[in-house]
């Protein structure tokens, strides 16, 4: 379990919008936790096929499946 990386994913819309959102990322042997503070920043990750990503959007946690 790691919390220092502050993972995020970049989500692109159909009209060239782009949003970088913090996320949780879980793999077979690891778990990355997002940053919870406003001054911590984010590191965009590129999850592998066997990893599950849960994006934080507003006050919700949503599984990100559009990879």
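Residue numbers (the working numbering): 4 to 70.
Glycine included, each C-beta is placed from N, C-alpha and C at the ideal position.
Computed from a predicted structure; not experimentally measured.
Quick check: the Cα distance between residue 29 and residue 5, rounded to an integer number of angstroms? Here residue 29 corresponds to residue number 26 of the chain shown, with the count starting at 1. Here residue 5 corresponds to residue number 2 of the chain shown, with the count starting at 1. The alpha-carbon atoms of residue 29 and residue 5 are separated by roughly 10 Å.
For residue 19 and residue 32, what's the separation of their Cα atoms in angstroms? The count along the chain shown starts at 1 and reaches residue 19 at position 16. The count along the chain shown starts at 1 and reaches residue 32 at position 29. Looking at the two C-alpha atoms, the distance is approximately 34 Å.
With DSSP collapsed to three states, give me the class of residue 37. Here residue 37 refers to the residue found at position 34 of the chain shown. Of the three classes helix, strand and coil, the one that applies to residue 37 here is coil, per DSSP.
Out of curiosity, what's the CA-to-CA distance linking residue 11 and residue 17? Here residue 11 refers to the residue found at position 8 when the chain shown is read from its first residue. Here residue 17 refers to the residue found at position 14 when the chain shown is read from its first residue. Straight-line Cα distance between these residues: approximately 20 Å.
Check whether the Cβ atoms of residue 47 and residue 14 sit closer than 8 Å, and answer yes or no. Along the chain shown, read from residue 1 onward, the residue named residue 47 stands at position 44. Along the chain shown, read from residue 1 onward, the residue named residue 14 stands at position 11. No.
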